[in-house]
Amino acid sequence: FLNRKRAAESAAFEYEKWQEQATDYRPEKGAFIVLGIDGARFDDALAIVATEVKTGYQWAVGIWQRPENAEDDYEHPMKEVDGAIQEAVDEFSIWRAYVDPGSNAGNIEALLERWQGRWGNDRFVPWLMSRPKQTAQAVGKFTDAIATGEVSNDGDEMFTQHIKNAVRRKITAKDEEGRPLWTIGKDRPNSPRKIDAAAAAVISWEARGDAIAENAEPAGPSQVWFT
Numbered sequence: 059f060l061n062r063k064r065a066a067e068s069a070a071f072e073y074e075k076w077q078e079q080a081t082d083y084r085p086e087k088g089a090f091i092v093l094g095i096d097g098a099r100f101d102d103a104l105a106i107v108a109t110e111v112k113t114g115y116q117w118a119v120g121i122w123q124r125p126e127n128a129e130d131d132y133e134h135p136m137k138e139v140d141g142a143i144q145e146a147v148d149e150f151s152i153w154r155a156y157v158d159p160g161s162n163a164g165n166i167e168a169l170l171e172r173w174q175g176r177w178g179n180d181r182f183v184p185w186l187m188s189r190p191k192q193t194a195q196a197v198g199k200f201t202d203a204i205a206t207g208e209v210s211n212d213g214d215e216m217f218t219q220h221i222k223n224a225v226r227r228k229i230t231a232k233d234e235e236g237r238p239l240w241t242i243g244k245d246r247p248n249s250p251r252k253i254d255a256a257a258a259a260v261i262s263w264e265a266r267g268d269a270i271a272e273n274a275e276p277a278g279p280s281q282v283w284f285t
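Residue numbers (this note's numbering): 59 to 285.
Take a look at the structure:
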């Protein structure tokens, strides 16, 4: 019992609430969306999460995890990842994509640079989760959105598992009212329980908030994306 209670207290998000907000809703072609992208090329998962600005609906554009029986030289299928982004660009009106490229070996910096080369630095923007206070504030907004039902989701099994896997990581910084802040992390170092889709969801939600704050609107016909 104590172990179960401790696990529940350390969970970053209200898993049951997340499950309750799963829906069959799907945005229409051309919907105004933002993206959050987090992960790495080898060991960590790589996740792309979209958020429809109007409704707050989130879905997994793609999540790639290292198979249990993978060879030592395994790498996520970068062409497939790139193709998923291209399909999203073709199907929706994307205001901005926030990308945490990572800082360790195996990061996705090359992918970010490729996307910036195609669609511009103002569309594909680095958003580093290694900045504790900024990340904690974004995590807090996403936590509140789950608790209030403001964010809904596609019910994707792997996406949901990543939400469940994320645990709280306290930081030294506090909010304006003096309350402690926390970010998210794995349950332990080198844990096989991945959280990259949860991280992507957090920064995707942050992008949605910024779009609303800036009164962003879909690009017109003369502002189409290019490749």
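Think of the CB as a built atom: it goes at the ideal place given N, C-alpha and C, for glycine as much as any other residue.
Along the stretch 153 to 229, the beta strand (DSSP E) occurs as fully enclosed runs of 3 or more residues at 182 to 184, listed in sequence order.
A check of alpha carbon separations from VAL260 across ALA98, ALA108 and PHE100 identifies ALA108 as the nearest.
A check of alpha carbon separations from ILE106 across THR113, PRO125 and VAL139 identifies VAL139 as the nearest. In summary, ILE270 is exposed, with fewer than 16 beta-carbon neighbours lying within 10 Å of its beta-carbon over all protein chains present. According to the DSSP assignment, GLN116 belongs to the beta strand (DSSP E) that extends over 115 to 122.
CA-CA distance, SER188 to ALA224, rounds to 16 Å.
For GLU272, the secondary structure class from DSSP, reduced to helix, strand or coil, is coil. Assignment of beta-bridge partners to SER151 by DSSP yields PHE90. Of the residues assessed, GLY97 falls on the buried side of the cut-off, its CB having 16 or more other CB atoms within 10 angstroms. Taking C-beta atoms under 8 Å as the contact rule, PHE182 and GLN174 qualify, at a distance of about 5 Å. Residue state for ALA108 is assigned as strand, using DSSP reduced to three classes.
The stretch 153 to 163 makes no contact with the stretch 126 to 137; the number of CB pairs closer than 8 Å stays below 3. One thing to note: ALA70 has its Cβ no nearer than 7 Å to the Cβ of ARG237.
The stretch 241 to 249 and the stretch 111 to 125 do not touch, with fewer than 3 CB-CB distances between them shorter than 8 Å. Taking the CA atoms as reference points, PHE217 sits about 25 Å from ILE229. When secondary structure is reduced to three states using DSSP, GLY243 falls in the strand class.
Residue range 73 to 78 is occupied by the alpha helix (DSSP H) that includes TYR73. ILE121 is a Cβ neighbour of ALA255, given a cutoff of 7 Å.
With a 10 Å radius around the Cβ and a threshold of 16 neighbouring Cβ atoms, THR206 comes out exposed.
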